[in-house]
Amino acid sequence: MMHDEGENVIEFPGPVAGAPEPSGDDIGEPEGPCPPELLVLALEACLFASADPRTPVELAMALGVATIDVFDAVESLRERYLRSGSALRVVEVGDGYQIRTDARLARWVAAIRGGKPFRLSRPALETLSVIAFRQPVTKGAIDDIRGVDSGGIIRSLLERGLVKMSGRSEEPGKPMLYGTTPAFLEVFGLRSLVDLPTLRDLRPLHADDASLGAVPVVPFRAPGD
Amino acid sequence: MMHDEGENVIEFPGPVAGAPEPSGDDIGEPEGPCPPELLVLALEACLFASADPRTPVELAMALGVATIDVFDAVESLRERYLRSGSALRVVEVGDGYQIRTDARLARWVAAIRGGKPFRLSRPALETLSVIAFRQPVTKGAIDDIRGVDSGGIIRSLLERGLVKMSGRSEEPGKPMLYGTTPAFLEVFGLRSLVDLPTLRDLRPLHADDASLGAVPVVPFRAPGD
Amino acid sequence: MIAERAVQALAPAAPVARPPEPPVAVPAYDGPLDLLLFLVRKEGVALREIPVARICDAYLAHLRDLDEIDVDRAGDYLAMASTLCLLKARELLPRLPTVGAVEEEEDPKEALERRLLEYERFRDVSEQLGQMHLLDREVFARPEVPVSPGEQPIDPVVDSYGLARIFYELLERRAAPPPEHRVAFENYTMAERVRFVLSRLDDGAEHLLSEFWVELPSKRGRVVTFLASLEAARFQLIDIAQRIHLGAIALVGRVHSAEADLSMLAEHEHDDQEEAR
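One line per chain: the protein sequences are F, S and Y, in this order.
For the record, in the first sequence the residue sitting at position 220 is 220 according to the numbering used here, with numbers rising by one throughout.
For the record, in the second sequence the residue sitting at position 223 is 223 according to the numbering used here, with numbers rising by one throughout.
For the record, in the third sequence the residue sitting at position 116 is 116 according to the numbering used here, with numbers rising by one throughout.
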């Protein structure tokens with residue numbers, strides 16, 4: 001009979017050469033301060049391996065150095081990125097630092113990261129159509145035309161950058177006004193809002209139909225057709 | 001009372017007439033090729049923006065260039081990292097490229113990452129070696145080589161995705177065969193199994209042990225082979 | 001302990017009481033092959049002169065060091081100890097002259113040697129593997145950063161004409177009397193709803209259940225459509241799928257509506273007529 005060693009597999013007894021001990025939570029403390037000649041490299045590695053911005057204090061703790069040394073190292077790294085022609089930039093986000101790619105390379109980053117394109121839903125298209133044709137328009141007016149609350153969808157369209165807040169209405173309560181963005185024009189292949197077909201353009205096309213709902217020539221197959 | 005349709009905005013179903021089809025895989029296609037002067041930068045940005053290794057073909061598609069240009073750009077990037085004193089390295093893992101931190105900086109990165117460090121116990125490494133070199137191999141053959149039951153460890157390696165079931169042996173009882181996964185190559189930073197450290201020849205137990213002449217130095221064939 | 005006694009029984013030369021010093025210092029090791037290899041390599045014990053008693057003592061000491069005696073683990077060592085005893089016996093006892101055909105049987109010592117050496121190769125290579133730069137131990141890659149909404153390309157699904165048409169429809173819908181007052185909308189029947197669901201799934205695409213509701217303003221319409229979906233699934237006309245845990249429910253067509261066997265609807269149609277009367 002042989003014994004089962006399953007429980008042993010996760011933990012290796014004793015310290016592994018080169019690997020630090022488990023740190024409990026959040027930011028672990030290395031055994032000693034980072035030597036000055038490695039400081040910029042270690043800082044770069046720490047920022048590279050972090051998804052979110054890191055505060056100078058977090059970085060100082062991980063590197064075992066004073067916060068002021070972190071500031072210096074960040075400056076050196078920033079300078080090297082600019083000098084050596086790198087795609088990376090050190091940016092300050094909130095109260096932390098983050099490495100990001102140069103904005104001019106966004107196209108290629110989007111291409112590798114983008115994944116499947118986001119398909120606009122029927123409710124999103126409805127909301128977008130109201131905003132496009134009635135802008136600037138309040139949420140109340142959109143709700144009124146659609147007959148349902150559009151709050152969540154407006155939020156999502158804002159996040160997607162298709163819609164922007166374009167001011168406040170003079171109505172009581174000064175509700176927010178919404179309008180479309182340049183990204184909206186790009187997505188629909190329009191040069192300007194003037195290129196949007198108007199209802200006047202549409203009517204002659206459907207003049208002989210009692211109701212538009214019966215027209216089968218729609219370029220989409222949404223449930224509301 | 002109006003209901004909030006926020007949840008509906010995410011998904012739009014089904015193919016739509018007239019709308020461009022998603023390209024099938026996850027990579028979107030940018031409008032034009034990446035200009036040569038930006039190629040190395042765009043490649044760096046693409047690799048930086050990817051958590052997993054990217055194949056030359058994925059990169060070529062995202063950048064809109066030929067695969068051969070990707071190889072050249074990778075070489076340039078690799079060289080720049082070494083020349084400009086960077087914490088980053090371009091490594092080939094599996095079929096793709098990935099940017100990773102220099103191993104000398106492990107301490108600091110592990111400190112900022114926090115949490116439990118990644119570990120493989122000695123029995124796990126031993127079992128993994130037997131599977132890597134003898135695959136496809138049965139549990140019986142692994143147990144035989146190690147002299148102990150490896151069931152729990154194989155299970156743990158399966159759960160960690162380093163090992164997979166790769167079929168059934170023709171032996172009596174048709175035992176399961178095990179092999180390594182692409183994640184195994186990723187964790188160990190290998191392009192392929194060919195890059196594994198070599199399994200050296202048998203070493204005599206004692207220089208003066210006359211009986212060793214009888215031991216064949218041919219690679220031992222485990223029952224699972 | 002049974003296991004201990006068994007190990008001791010195999011080594012009658014060993015004192016029954018635990019010796020003050022373990023005869024062989026045993027480091028943390030991984031199984032009897034590992035220990036045997038250690039004894040042979042580090043202690044320079046020739047395999048042909050293996051002192052069974054010493055090895056059994058070493059095994060025994062190791063078993064004592066385990067937090068509690070694990071019968072399975074002890075078994076691994078017992079099996080090895082018995083192999084060693086067999087070896088020893090062969091060395092000590094005169095060989096009986098074989099009668100008749102000589103059975104070619106592998107010498108147990110050679111077999112053990114071969115196992116040991118084979119094990120050693122893998123142990124060495126696993127040490128090398130352990131010294132490699134492992135991902136998330138010595139080297140680190142970029143963490144997964146979720147694609148932010150702004151980064152994802154947008155498929156508008158319709159063109160500017162479609163967008164205008166949607167707006168036109170909205171205006172028409174608003175101009176129309178509230179649908180709750182239309183008798184036709186209330187007149188959902190199971191049979192009609194099953195046909196409706198099937199016809200919407202003819203394109204073979206997956207449609208979210210919630211889509212079917214968007215156009216249904218009344219509760220009754222939604223409930224009947226939902227029941228009709230279940231009915232269609234019961235008769236294997238459609239599949240109901242939930243691709244993601246707790247995700248949206250989707251309906252998938254299995255048959256083309258024109259070819260579907262709808263005989264099961266007869267019962268519903270009968271009921272519907274009864275109700276209408």
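Virtual Cβ for every residue (Gly too), placed ideally from N, Cα, C.
Being a predicted model, the structure only gives us computed values, none of them experimental.
Is the beta carbon of residue i sitting closer than 9 Å to the one on residue j?
i	j	result
Y/A228	Y/R193	yes
S/A73	S/L120	no
F/A110	Y/P153	yes
Y/Q236	Y/R254	yes
S/L162	S/V187	yes
F/P172	F/K139	no
S/Y97	S/L38	no
Y/R200	Y/F212	yes
F/F133	F/L185	no
Y/P143	S/A49	no
F/E199	Y/A164	Inspection of the sequence shows that residue 199 of chain F is occupied by Leu rather than by Glu. In contact: F/L199 and Y/A164 (Cβ atoms closer than 9 Å).
F/P123	F/R146	yes
Y/L117	S/R78	no
Y/L33	Y/A58	no
S/L88	S/V70	no
S/F118	Y/R137	yes
Y/E280	Y/A250	Within the shown structure, residues of chain Y are numbered from 1 to 277, placing residue 280 of chain Y beyond reach of any answer.
I need the boundaries of the beta strand (DSSP E) containing residue i, first residue and last residue.
i	result
Y/D239	I238 to Q242
Y/E231	No beta strand (DSSP E) contains Y/E231, which is instead part of the alpha helix (DSSP H) from K219 to R234.
F/S166	V163 to R168
F/G179	M176 to T180
Y/V252	I249 to G253
Could you check where the alpha helix (DSSP H) with residue i kicks off and where it finishes?
i	result
Y/M190	M190 to R200
S/G189	Counting along the chain, S/G189 falls outside any alpha helix (DSSP H), and DSSP gives it neither H nor E.
F/E171	F/E171 -> no alpha helix (DSSP H), and no H or E assigned at all.
Y/L208	Element bounds for Y/L208: not the alpha helix (DSSP H) but the beta strand (DSSP E), E206 to L208.
S/D201	Here S/D201 belongs to no alpha helix (DSSP H), and DSSP marks it neither H nor E.
S/A141	K139 to R146
Y/E127	P108 to G130
F/G151	G151 to E159
S/L196	First-last for S/L196: undefined, no H or E at that position.
Y/V158	Taken as a continuous stretch (DSSP letters only), Y/V158 belongs to no alpha helix (DSSP H), as it is neither H nor E.
Y/L135	Careful: Y/L135 lies outside any alpha helix (DSSP H) and carries neither H nor E.
Y/R41	P32 to K42
With distances taken from CA atoms, which of the options is nearest residue i?
i	options	result
F/Y81	F/F71, F/G179 and F/D102	F/D102
F/R95	F/L39, F/P53 and F/F48	At residue 95 of chain F the sequence reads Asp, which differs from the Arg that was named. Measuring from the Cα of F/D95, the nearest candidate turns out to be F/P53.
S/V91	S/R100, S/G85 and S/S84	S/R100
F/R155	F/G179, F/S192 and F/G64	F/G179
S/C34	F/L105, F/I142 and F/S76	F/L105
F/S86	S/V40, S/P36, S/G32 and S/V57	S/V40
Y/R293	Y/L265, Y/A250 and Y/Y188	Shown here, chain Y extends from 1 to 277; a query on residue 293 of chain Y therefore has no answer.
Y/A258	Y/R123, Y/D202, Y/E274 and Y/I240	Y/D202
Y/L230	Y/H270, Y/L198 and Y/G162	Y/L198
F/V93	F/T55, F/D144 and F/E75	F/T55
Y/S82	Y/E169, Y/R123 and Y/C56	Y/C56
S/D251	Y/Q128, Y/R115 and Y/V125	Since the displayed chain S opens at 1 and closes at 225, residue 251 of chain S lies outside it and no answer follows.
F/V148	Y/A260, Y/L170 and Y/F140	Y/L170
Y/D107	Y/Y119, Y/F122 and Y/A89	Y/A89
Y/S210	Y/L35, Y/M190 and Y/I240	Y/I240
F/D201	Y/H207, Y/R234 and Y/F167	Y/F167
Y/D124	Y/L37, Y/V252 and Y/H270	Y/L37
Y/D159	F/V57, F/P36, F/R83 and F/G189	F/G189
F/P32	S/R107, S/I153 and S/P36	Residue 32 of chain F is actually Gly in this sequence, not Pro. Minimum Cα distance to F/G32 is reached at S/R107.
Y/D30	Y/S126, Y/L208, Y/L262 and Y/M264	Y/S126
Exercise for the section: May I have a chain-ordered list of the alpha helix (DSSP H) segments no shorter than 4 residues that lie completely inside the region 48–125 of chain F? Expected result: 56–63, 67–83 and 106–113
Exercise for the section: Could you tell me whether the region 49–69 of chain F touches the region 120–132 of chain S, using the rule of 3 or more Cβ pairs below 8 Å? Expected result: no
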